[in-house]
């Protein structure tokens, strides 16, 4: 297993750590969750950069990297519903888009095709990650202004999620519209 794929797997291993931080009411839990989330987010940028730079792109990485991103973001957002930092309807939209894209990727894979993440999907992911960080910092320091900014960012992220999902389906409609 090459370094980019190890970084992807490390990101997946960090998910239960994040969930545990949300489960227990310990002091500085949002700060600790934010630090772990930032580390996981950095591995997301780093694994792709290293894979492209060193020509280490693999089908495993093309599949697992976006899956790791989805698992990370969805896990944290669900935990954030539990503590009242995000609204459930936003997370439902995000999860629905991620499931739809994952199913479409599986259909493509069955036909021997690999669909890499698109530009709007990458922007969506970055916005989700930034909004999560802002919300965690706002919760840790008790700042109403940061929490409001985080809410606006997650709202923008939800809208980007809808757009990128539509774009993904539109660009790949031939995968599910062809008759056999």
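In the numbering used here, the protein residues as written are 778 to 957. Virtual Cβ for every residue (Gly too), placed ideally from N, Cα, C. This structure is a prediction, so every number in the text was calculated from the model and none was measured.
Enclosing alpha helix (DSSP H) for residue i [first to last residue]
i	result
residue 907	896–918
residue 925	921–948
residue 796	780–800
residue 879	865–887
residue 844	836–859
residue 951	951–954
Of the residues the options, the one placed nearest residue i, counting alpha carbons only
i	options	result
residue 784	911, 793, 841, 876	841
residue 939	818, 833, 797, 867	867
residue 778	837, 909, 800	837
residue 780	811, 919, 824, 790	824
residue 849	793, 927, 860	793
residue 892	952, 904, 831	952
residue 828	818, 819, 839	839
Beta-carbon contacts of residue i that lie in its chain and below 8 Å, excluding the five residues immediately before and after
i	result
residue 941	874, 895, 897, 898, 900, 901
residue 815	910
7 Å Cβ shell around residue i - same chain, five flanking residues per side excluded
i	result
residue 862	912, 916
residue 821	788, 846
residue 808	917
Nonlocal neighbours in the same chain, by C-beta distance under 6 Å from residue i, ignoring five residues either side
i	result
residue 924	915
residue 945	878
residue 934	904, 905, 908
Coarse secondary structure for residue i, derived from DSSP in three states
i	result
residue 831	coil
residue 803	coil
residue 809	helix
residue 892	coil
Min CB distance residue i to chain B below 8 Å
i	result
residue 927	Given the protein chain composition of this structure (a single chain), no chain B is represented.
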